[in-house]
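Worksheet for the structure shown next.
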Amino acid sequence: DAPDSNAAISQLSQAEGMLQNALGKLNVVVEAYPELKANETMSQLQEELTSTENKVAFARQAFNDAVTSYNTYKQTFPPVIFANT
């Protein structure tokens, strides 16, 4: 489901920030323990996390593009008459 309120979008943004913070801490731990870098499970986890980060970035960009398109559409005639009511 798409977020339909400013509060939901704000919560998603906060969750993304918390995730980025946690991933940063995980990377620090991995750097501190070289044996983790050599662990195949850890390598798979890092690949999955990178893939997930890319998907989130793509979804964020698609959302922003959709909002921009909608806002542009609202400002054209005749939608401007109906969108502002």
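Under my numbering, residues 3 to 87 are what the sequence shown spells out, in order.
Backbone N, C-alpha and C fix where the C-beta goes; we use that ideal spot for every residue, glycine too.
Note that the coordinates shown come from a computational prediction; the quantities given were computed from them, not determined experimentally.
Under three-state DSSP, which class holds residue i?
i, result
"N56", "helix"
"Y72", "helix"
"S15", "helix"
"D3", "Legend: pLDDT at D3 = 47, less than 50; position of this residue unreliable, value from coordinates given subsequently. Note: D3 maps to coil in three-state DSSP."
"T78", "coil"
"N41", "coil"
"Q22", "helix"
One question on the structure: do residue i and residue j come within less than 8 Å of each other, judged by their Cβ atoms?
i, j, result
"A32", "M44", "The sequence as given places Val at residue 32; Ala does not occur at that position. Contact flag set, yes."
"L25", "L51", "yes"
When you compare only the Cα positions, how much space is there between residue i and residue j?
i, j, result
"N66", "E18", "15 Å"
"I11", "S71", "18 Å"
"T74", "A68", "10 Å"
"F79", "A34", "59 Å"
"T54", "I83", "41 Å"
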